[in-house]
């Protein structure tokens, strides 16, 4: 049996055909994002059409109701003629009720009650629809204004399972951030949903130029890209770098074979998740206490933790241990030096030290 084109494109080949597979996956992602983006741009037009539909429907309903009740009262009541009957219907619909005409039969009274209630019901329903549409538009304007206040922030585009830990670390660093996610806020984990609001969460297409601009990519300092698809990560990286070449991009790499491509298109920091996790699991099995200690040091939400510090001008020329007694390493000239007792601080050095949020 021949396989469908969809099944062939979704299957991941190996070897030289890997590049072709990646390109096809990227094109599929791009097509979906462009479709969703066009749908987003159509929202104002769709809202206007909905409002027009309800207004026209309400007008037709009112016209039919007035004509119908005029005929009804002309039959069951004796108001003297068609004009008098039509006059009675209009003043009743307007809830004025001058009293010059009043129904004399039970059928007329029941009709009058319905005539008085139906327009109010229709008006209430139409008003709620119009109000809902207006509130959605105001909500979008408010969200854009709140997001536009962000500057020098970090844009987070990550899989749902990673969001909680990313948010906790950024909060611990007091680093402003905006989460851009393909799921609405209500679908996020509780720990994440409690930490986000209209100023730092955006629901939309993660690879769309329009959505990234709304998230403030042109004013952002960093972007974290950590989805489960390398094709998606690469596409978002290319889009973000195209909008802001100066943004620092930290990217999760799911497959080791794709690392070179991320570096080619401008990734600043790569985290090969499979490699790192494999090494951490092996270390935890062989040296569990050491492994747990290192994990805790690398997590700012716990004490103690590793902190990187750039020395002040008055510290230049001093011994590392003299200026930073808790220093464990020095990053200088693109390499790490661990014998800090023999090192002297220079300009552009970075000191790694053990710090605590809660001083004992």
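Residue numbers (our numbering): 6 to 365. All residues carry an ideal CB built from backbone N, CA and C; glycine is no exception.
Listed in chain order, the non-local C-beta contacts of residue 346 below 8 angstroms within the same chain comprise 324, 325 and 326, local neighbours out to five positions each way being set aside. For residue 76, the closest alpha carbon among the candidates 192, 182, 358 and 87 is that of 87. Between residue 185 and residue 220, the C-beta spacing is below 8 angstroms. As a beta-bridge residue in DSSP terms, residue 359 pairs with 311. Counting C-beta pairs with one atom in each stretch, the stretch 280 to 298 and the stretch 236 to 243 have fewer than three that are closer than 8 angstroms, which means they do not touch. Every alpha helix (DSSP H) of 4 residues or more that sits fully in the stretch 98 to 164 is shown, in chain order, as 111 to 153. It is roughly 12 angstroms from the alpha-carbon of residue 215 to the alpha-carbon of residue 208.
DSSP, read as helix, strand or coil, puts residue 277 in strand.
Residue 343: not part of any alpha helix (DSSP H); DSSP gives it neither H nor E. In the assembly as shown, residue 351 is an exposed residue. Its beta-carbon has fewer than 16 other beta-carbons within 10 Å.
In terms of CA proximity to residue 66, 120 leads the group 90, 120, 82 and 276.
As a beta-bridge residue in DSSP terms, residue 255 pairs with 229 and 274. Here residue 235 has 258, 259, 260 and 263 as same chain residues with Cβ atoms under 7 angstroms from its own Cβ, once five neighbours each way along the sequence are excluded. Pairing residue 329 with residue 359, the inter-Cα distance amounts to about 10 angstroms. Contact check between the stretch 225 to 235 and the stretch 155 to 171: three or more CB pairs, one atom from each, fall below 8 angstroms, which counts as touching.
Residue burial annotation: residue 158 is buried, with at least 16 other C-beta atoms found within 10 angstroms of its C-beta.
Around the beta carbon of residue 84, a 10 Å sphere encloses 16 or more other beta carbons of the protein chains shown; the residue is thus reported as buried.
If you draw a 10 Å sphere on the C-beta of residue 156, you find fewer than 16 other C-beta atoms in it, and that means exposed.
Inclusion of residue 113 and residue 69 in the CB contact set at 8 angstroms is not warranted, their separation being larger than that value. For residue 186, the three-state secondary structure derived from DSSP is strand. The beta carbon of residue 79 lies closer than 7 angstroms to those of 87 and 90 in the same chain, with the five residues before and after it left out.
Per DSSP, residue 217 is one residue of the alpha helix (DSSP H) stretching across 214 to 219.
Residue pairing of residue 240 in beta bridges, as defined by DSSP: absent, with no partner found. Apart from sequence neighbours up to five positions away, the residues of its chain that approach residue 309 with a beta-carbon distance below 6 angstroms are 359 and 361, ordered along the chain. Counting only residues of its own chain and dropping the five nearest sequence neighbours on each side, residue 124 has a CB closer than 6 angstroms to the CB of 98. Taking 8 angstroms as the cut-off, the beta carbon of residue 152 is found closer than this to the beta carbon of residue 204.
For residue 333, the three-state secondary structure derived from DSSP is strand.
Judged by DSSP secondary structure, residue 302 falls within the alpha helix (DSSP H) whose first and last residues are 293 to 302. The straight-line gap separating the alpha-carbon atoms of residue 291 and residue 342 is approximately 26 angstroms.
Taking all protein chains shown into account, residue 206 has 16 or more neighbouring C-beta atoms within 10 Å of its C-beta and is therefore buried. Spatial neighbours of residue 233 in its own chain (CB-CB distance under 8 angstroms, excluding positions within 5 residues in sequence) are listed in chain order as 164 and 259. Taking 8 angstroms as the cut-off, the Cβ atoms of residue 273 and residue 255 count as close.
In this structure, residue 311 keeps its C-beta atom at 8 angstroms or more from the C-beta atom of residue 268.
If you draw a straight line from the Cα of residue 198 to the Cα of residue 142, it is about 23 angstroms long. In the DSSP assignment, residue 84 falls outside any beta strand (DSSP E), carrying neither H nor E.
By the neighbour-count criterion, in which 16 or more other beta carbons inside 10 Å mark a residue as buried, residue 160 falls on the buried side.
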